[in-house]
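Participant: Numbering (our numbering), first residue to last: 45 to 200. The structure's right below; bear with me while I get my questions together.
Shown next, in the form of structure tokens:
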């Protein structure tokens, strides 16, 4: 298992052509009724327009939409958040750049320490179950103490 810990992209880089058994979930853990690709379901959208400038009723409405989407879906899309498109595009570029780096470069940011504010991690549940999830992630904890840009963010 240790050979898979540094990153999952490494599986492809090392020539692995089949999904290793550590990623196979027992069939009794799988949902019987998978949602069809043809489903009409869509990700909930939360519009933040007016969050800071309008009435407390508008704020309560937005908070309720976030609560509802979180409870029913576990995630949602936010629109009208005020982040310029150029910033979002730069973030996507930087994330792609990071993931395309050589394994040795990414290892410098690799950690399993939950106290770190910024880290690169794979298989967060690697040692906690029968099987593990397939993921390479960049974690950036913003609360209660945001990362120090000089020390943390630029590592990644």
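Backbone N, C-alpha and C define an ideal beta-carbon position, used for all residues, glycine too.
Give the DSSP bridge partners of residue 165, in chain order.
Facilitator: 181
Participant: Determine the burial state of residue 163: buried for a count of at least 16 other Cβ atoms within 10 Å of its Cβ, exposed for fewer.
Facilitator: buried
Participant: With a threshold of 6 Å on Cβ separation, who are the neighbours of residue 88 within its own chain once the five nearest residues in sequence on each side are excluded?
Facilitator: 113, 117, 120
Participant: Kindly indicate which three-state DSSP category residue 58 falls into: helix, strand or coil?
Facilitator: coil
Participant: First and last residue of the beta strand (DSSP E) that includes residue 90?
Facilitator: First-last of the beta strand (DSSP E) with residue 90: 89-91.
Participant: Let me know if residue 86 comes out buried or exposed under the rule of 16 or more other beta-carbons within 10 Å of its beta-carbon.
Facilitator: exposed
Participant: Pull up the distance between the alpha-carbon of residue 6 and that of residue 99, whole angstroms please.
Facilitator: Past the boundaries of the shown model lies residue 6; the chain is included only from 45 to 200, so the question cannot be answered.
Participant: Taking DSSP's pairing of strands, which residues face residue 154 in a bridge?
Facilitator: 164
Participant: For residue 141 and residue 149, I'd like the C-alpha separation in whole angstroms.
Facilitator: 11 Å
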